[in-house]
Structures are given as structure tokens and as C-alpha cells.
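Going by my numbering, the first residue of the sequence shown is number 1, and it counts up by one from there.
Ideal Cβ placement from N, Cα and C applies to all residues, glycine included.
Here the structure comes first, spelled out in C-alpha cells, and everything after it is commentary.
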Amino acid sequence: MPSVEDVLAADWLGACRRAAQEIRAQLDRPQTAAQRRTETGVVGEGGDRTLVLDQTAEDAVFAQLEALHEQGFEFTALSEERGEVHFGGDGTVRVIIDPIDGSLNAKRGLPHHALSIAVAKGPTMADVVFGYVYDFGPHEEWAARTGEGTTLDGIPLIERPAERRSSDGRLEILAIESADPRYLHLAGELGDVARRLRALGAIAVSLCQVAGGRVDGMVTLWRCRAVDAAAAQLIVREAGGLVAFPAFEDPLGAPLDLEPHSPVVAALSESALAQLATIPAPMASR
Ligand SMILES: [Mg+2]
């Protein structure tokens, strides 16, 4: 029987790549706007209405998980639509899946929507050992393993991303997610922190932009779920960035489950991280 270490060392990257390729093939099929919008009629474990696309993407991921399980690997999967699915074992190894992060973008034909898969050796964000995000808009693959750094399209990011500030000291570009305009009203003073905002519409993708040094920070205005952030938060940290879940005293103490617990913030310096942690609506951190 493979040990926990064996399970963690399994070819997760290969499994993720095969799933991403399958989903990409589905997405590349000519579709009418109505087809993209088709819902299955059920609400996923994450609480959103499931699109046919979400479900077929999840099926592609689970086909890979079943193949790994057939090789003897045991783990518990947590996925946005299906919820918790046991593939044997004692639950130590968790696989956290968002088949499509940014479903609304996918539904409307906007570019950024991503497959997000994390593998963890325990119950919190700090335990994630592998992260994979495939952005189907620009066709970019972000991946990280603890202690091994982050890769973009298979190439290691050698340079630690540098923070850029405008002459008045504000971050040059800040990505915001959970960008419901009602939360903007409740948020802290974004204008004191950043000179420009970008709202891409997918939490995992926005976090990856921090890893790539394309934005100087990222904040969700409301609580995010582990499925949205688990993989990308490791991608940021392994690239040299910083991540915190401000509702928790331990910045990486957010649990790997299906409930929205805390906003997530990411930055390239301690001072920016502390500043960004004050932005989400105060009730989002309760
Ligand atoms: Mg999703």
C-alpha cells in the first residue's frame, strides 16, 4: 500500500495536464452562447448553479483521480460540484478541485477561467504541497511544489516578482476579486492602497498574476472558498510572494473544506500584505 509520501509524490502534474487537455478540448468545440450558458439544474456543493461545462470539466478531473486510485493511491477529493469524495485512505491526503474557477467568465465567453487543483498533506492551506492552475483564456499553466518553486508553462520563474509602487507610494496595480459592487462600498479605502484596479473574475487566476509579478497584490472583497485559492496560494508563495487569509490568526490556517471562511490577500511585500488585509469588508472576516 503506498504511504502518504508516495501519494504526495504521485504524478499529479501529469494527471492535471491530462485533465486540462480534456477540458480544453471541450471548451474549444464550437458553442453557441446558449450552449455555454446551459445549466444542469442542480446547485453544486459550493452553492453556485452548476453549468454543463462545470460538470463535464469535473468529470475530466475525476477520470484522472480514478486512474490514480486504480494505481493504489488513496486520498480524499473535495470538489466544487461533487463535494467530498473518498478514494480510500484515512483522509490525510486531500485533493482540492475547482473544475472551472471563473464559471461566469466561461459562461459569458470572457477569457479568464481556470482549472485549479491542489494536493495537501493535511487540513489547512499551509499543508498544500502541490498546486496547479490552467488558465483557459491565455492557455497558461501555473504549477508549484513546496520547496521547488513555481513554473509557468513548464518554465521555472527564476526572478522573484518585484513590487511596483507609483510615486505616491501606492501599489501600481491591485487585482480584486469577489468584486460585487456592494462589497466595494463596504471595502476599506482601495484608493489609499492602489493606483489602478483589475478585476479578472477568477480568484485562482488573479493570484497567479501576483506570482508572475504582473500585479502588485490581490484581494478578495469577500470570503473565498478553499477550492478557489488552495492551488494558487502555493503558486504565489513558491514564486516568492506572500499570502494570508485574514480571518485566521495563522495566515495560512484556513481549512481545506467547502465553506467560505475568509478573504484571501496576496502581495509581494510584508507591508503591502498587512495593508491589503484591511481592505475586505469587515464582516467578511468574521
Ligand atoms: Mg468553479
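### Message
Our contact map puts residue 324 next to residue 171 with C-beta atoms below 8 Å; I'd like the distance itself, whole angstroms only.
### Response
The displayed coordinates of the chain run from 1 to 286. Any statement about residue 324 would go beyond what the structure contains.
**Asked** Using a threshold of 7 Å, is the CB atom of residue 111 nearer than that to any non-hydrogen atom of ligand 1?
**Response** Here residue 111 corresponds to residue number 111 of the sequence shown, with the count starting at 1. No, Cβ of residue 111 sits at least 7 Å from all heavy atoms of ligand 1.
Notebook entry, point to check: Which residues in the same chain have their Cβ closer than 8 Å to the Cβ of residue 43, if we skip the five residues on either side of it in sequence?
Noted result: Taking the sequence shown and counting its residues from 1, one reaches residue 43 at position 43. The residues are 49 and 50.
Please report the straight-line C-alpha distance between residue 103 and residue 65, rounded to a whole angstrom.
Indexing the sequence shown from 1 puts residue 103 at position 103. Indexing the sequence shown from 1 puts residue 65 at position 65. Between the alpha carbons of residue 103 and residue 65 lies a gap of roughly 22 Å.
DSSP state of residue 29 mapped onto helix, strand, coil: Numbered from 1 along the sequence shown, position 29 holds the residue referred to as residue 29. In the three-state reduction of the DSSP assignment, residue 29 falls in the coil class.
Quiz item: residue 241 to residue 67, Cα distance in whole Å?
Solution: Counted from its first residue, the sequence shown places residue 241 at position 241. Counted from its first residue, the sequence shown places residue 67 at position 67. If you draw a straight line from the Cα of residue 241 to the Cα of residue 67, it is about 34 Å long.
Let me confirm a value: residue 185 is counted as buried when at least 16 other C-beta atoms fall within 10 Å, else exposed. Which label applies?
In the sequence shown, residue 185 corresponds to position 185, counting from 1. That one is exposed.
Do you know offhand how far residue 26's Cα is from residue 166's?
Position 26 of the sequence shown, counted from the first residue, corresponds to residue 26. Position 166 of the sequence shown, counted from the first residue, corresponds to residue 166. Rounded to whole angstroms, residue 26 to residue 166 spans 42 Å at the Cα level.
For this session: Below 7 Å CB to CB, which residues in the same chain sit around residue 187 once its five sequence neighbours on both sides are set aside?
Result: Sequence index remark: in the sequence shown, residue 187 carries index 187 (1-based). Cβ within range, chain order: 221, 279, 280 and 281.
(request) Give a yes or no on whether the C-beta atoms belonging to residue 100 and residue 61 are separated by under 8 Å. (result) As a working note, residue 100 is residue 100 in the sequence shown. As a working note, residue 61 is residue 61 in the sequence shown. Contact: no.
- What are the boundary residues of the alpha helix (DSSP H) that residue 179 is part of? Numbered from its first residue, the sequence shown carries residue 179 at position 179. No alpha helix (DSSP H) holds residue 179; DSSP gives it neither H nor E.
> Alpha carbon to alpha carbon, how far is residue 22 from residue 57?
Replying inline: The residue you call residue 22 lines up with position 22 of the sequence shown. The residue you call residue 57 lines up with position 57 of the sequence shown. One C-alpha to the other measures close to 8 Å.
Notebook entry, point to check: According to the neighbour-count rule (16 or more other Cβ atoms, all chains shown, within 10 Å of its Cβ), is residue 6 buried or exposed?
Noted result: To locate residue 6, count along the sequence shown from 1; it is residue 6. Residue 6 should be labelled exposed.
Note down the Cα distance separating residue 122 from residue 163, rounded to an integer number of angstroms. In the sequence shown, counting from the first residue as 1, residue 122 sits at position 122. In the sequence shown, counting from the first residue as 1, residue 163 sits at position 163. Cα-Cα distance, rounded: 31 Å.
Just to confirm my understanding: we take residue 92, look at its own chain, exclude 5 residues before and 5 after, and list those with CB closer than 6 Å. What are they? As a position in the sequence shown, residue 92 is number 92, starting the count at 1. Cβ-Cβ distances below 6 Å link residue 92 to 4 in the same chain, with the five nearest sequence neighbours on each side left out; the list follows chain order.
* Any contact of the region 201 to 220 with the region 142 to 157, i.e. 3+ C-beta pairs under 8 Å? -> Short answer: they touch.
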